[in-house]
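Position in the sequence shown (from 1) plus 1 gives the number in this note's numbering. For every residue, glycine included, the Cβ atom is placed at its ideal position computed from N, Cα and C.
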Amino acid sequence: MIGSTLDRYVARQIYGVVGFVLLGFLALFAFFDLVGELSDLGEGNYQLRQVLGFVLLSMPTHAYELLPIAVLIGSLYALSQMAANSEFTVMRASGMSHLQAGAMLLRVGLVFAVLTLAIGEWIAPAAETAAEKLRMRAMSSLIAQGLGSGLWLKDENAFINVRVARRANELNHVLIYEFDPEHRLRAVSLAGEARYQGDGRWALKDVARTRMTPQGPRVEHLAASVWRTAVRPELLDLLIVRPERMSAWRLYNFIEHLEENRQKTERYAIAMWGKLFYPVAVMVMLALALPFAYMHTRVGMLGVKVFLGIMLGVLFHMLNNVFSHIGLLQGWPPPAAAAAPSVVFFGAALAMMWWVERR
């Protein structure tokens with residue numbers, strides 16, 4: 002009964018501070034996003050209402066990315082405050098061992114892990130897709146205009162170039178290059194418009210098709226035709242969102258599509274494994290904060306500890322990006338590249354606990 006009471010008390014302290022830290026970070030990032038988007042204000046139909054909508058829809062993604070840092074800073078502050086008030090000293094004097102303290106934080110961290118998983122798998126990807134669609138449709142283009150040649154896709158023996166997409170199921174100026182099994186160009190089709198009909202079928206309008214024959218190229222014009230392909234609106238939805246911001250399930254499906262077309266999957270595999278390890282990283286942050294509870298405030302000021310927590314959180318975020326790129330360049334197994342930052346920080350937590358115990 003005493004253990005459950007302690008669990009509730011410590012959890013209440015940590016949840017309150019972590020929530021406050023996360024709200025502060027989100028307010029700061031919302032301001033940065035707003036300032037960044039104001040440079041595009043007035044482009045097309047991108048008005049203040051759309052800007053505010055984009056900023057709000059970006060908040061779940063920021064919450065997902067910042068949650069480990071917020072957990073580290075919040076738990077570090079809460080535990081350090083308890084140590085300063087001698088509360089943690091009383092818990093230790095009552096017989097609480099290092100393992101029991103770690104188990105208590107593990108139970109507290111499970112809530113953060115589940116919350117991180119829920120945001121990363123369902124809330125953030127849906128909000129990110131909606132945010133990108135809102136922004137690009139307001140600017141009258143689903144596909145970024147910065148790509149001078151449009152969007153390129155591969156489907157079996159065909160390459161597809163899409164210049165404009167108002168919606169994921171409505172494409173404009175579509176070029177389809179078809180090749181035979183020997184990789185020789187067989188036909189080129191240019192469609193003014195393509196609308197998805199379901200079941201892998203697209204209805205093409207204003208089609209100019211050039212077929213390569215032994216006698217030379219032959220051009221035919223069709224008012225309408227049907228195009229069967231594995232390219233679906235769901236795939237286009239994925240392509241307007243960065244891999245790191247997709248859900249693990251959608252990444253898995255996209256990786257299968259790439260493998261079927263014999264395309265590289267390393268970047269998406271690392272992103273998928275990163276999604277799977279991210280909830281574990283949140284719990285590692287709690288383990289990293291635990292040694293600070295054994296340091297009385299006289300050993301180091303509370304503000305210094307919080308500053309150190311911020312620096313460690315920033316370092317973790319940087320290592321996530323660095324190991325992803327190193328793993329991609331060096332050909333590391335995707336699980337290893339994704340798990341490396343969490344393993345490094347968990348090792349640091351164990352080393353700090355060993356140091357604290359030896360003091």
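Under the DSSP assignment, Gln-198 falls in the beta strand (DSSP E) whose first and last residues are 186-199. For Ile-177, the uninterrupted beta strand (DSSP E) segment begins and ends at 171-180. Under DSSP, Lys-265 forms no beta bridge with any residue. Contact between the region 336-346 and the region 257-275 is present: 3 or more CB-CB pairs across the two stretches fall below 8 Å. The three-state reading of DSSP puts Pro-218 in strand, counting E and B together.
By alpha-carbon distance to Val-283, the top candidate from Phe-293, Ala-71 and Val-208 is Ala-71. In this structure, the CA atom of Arg-229 is about 20 Å from the CA atom of Met-213.
Taking the Cβ atoms as the reference, Leu-80 lies roughly 11 Å from Ala-288, outside the contact range of under 8 Å. Here Leu-67 is not near Gly-310, since their CB atoms are 9 Å or more apart. Excluding its 5 nearest sequence neighbours in each direction, Leu-237 has C-beta neighbours in its own chain below 7 Å: Ala-166 and Ala-169, listed in chain order.
Fully contained in the region 64-136 are the following alpha helix (DSSP H) runs of length 4 or more, in chain order: 88-94 and 99-119.
If one requires a minimum length of 4 residues, the alpha helix (DSSP H) runs lying completely within the region 302-355 are 303-331, in chain order.
Rounded to whole angstroms, the gap between the alpha carbons of Glu-257 and Asn-322 is 24 Å. In this structure, Leu-53 is the residue among Leu-53, Gly-275, Leu-23 and Val-315 with its C-alpha nearest to the C-alpha of Gly-37.
When the five nearest sequence neighbours on each side are left out, the beta carbons in the same chain lying within less than 6 Å of the beta carbon of Asp-207 are those of Gly-193, in order along the chain. Where Leu-154 is concerned, the enclosing beta strand (DSSP E) starts and stops at 152-156. DSSP, read as helix, strand or coil, puts Val-357 in helix. Exclusion of the five residues before and after Leu-186 leaves Tyr-178, Glu-179, Phe-180 and Met-213 as the residues of its chain whose Cβ lies within less than 8 Å of its Cβ. The beta carbons of Ala-64 and Leu-7 sit about 28 Å from each other, so the pair does not count as a contact at 8 Å. For Thr-6, the three-state secondary structure derived from DSSP is helix.
Between Met-83 and the set Leu-42, Val-112, Ala-119 and Tyr-10, the nearest pair of CA atoms involves Tyr-10. Three or more pairs of CB atoms, one per stretch, sit closer than 8 Å, so the region 241-253 contacts the region 121-134. Ser-248 carries a coil assignment under DSSP once its states are collapsed to helix, strand and coil. For Ser-226, the pairing in a beta bridge is given by DSSP as Leu-205. With 16 or more neighbouring CB atoms inside 10 Å of its own CB, Phe-113 falls in the buried class. Around the Cβ of Glu-261, a 10 Å sphere holds fewer than 16 other Cβ atoms; the residue is exposed.
Counting only residues of its own chain and dropping the five nearest sequence neighbours on each side, Pro-218 has a CB closer than 8 Å to the CB of Thr-211 and Arg-212.
Sorting Asn-158, Glu-183, Leu-42 and Arg-136 by C-alpha distance to the C-alpha of Gln-264 places Asn-158 at the top. By the Cβ-count criterion, Glu-221 is exposed, with fewer than 16 other Cβ atoms from all chains shown falling within 10 Å of its own Cβ. Residue environment for Glu-183: exposed (fewer than 16 other C-beta atoms within 10 angstroms of its C-beta). Non-local beta-carbon contacts of Met-140 in its own chain, meaning distances under 8 Å to residues more than five positions away in sequence, involve Asp-41, Glu-44, Gly-45, Asn-46, Tyr-47 and Gln-146 in chain order. Taking C-beta atoms as the reference points, Val-307 and Ile-15 fail to come closer than 9 Å. When only Cα atoms are considered, Leu-106 and Phe-255 end up about 36 Å apart. The three-state secondary structure of Ala-12, taken from DSSP, is helix.
A straight line joining the alpha-carbon of Ala-188 with that of Arg-136 spans about 35 Å.
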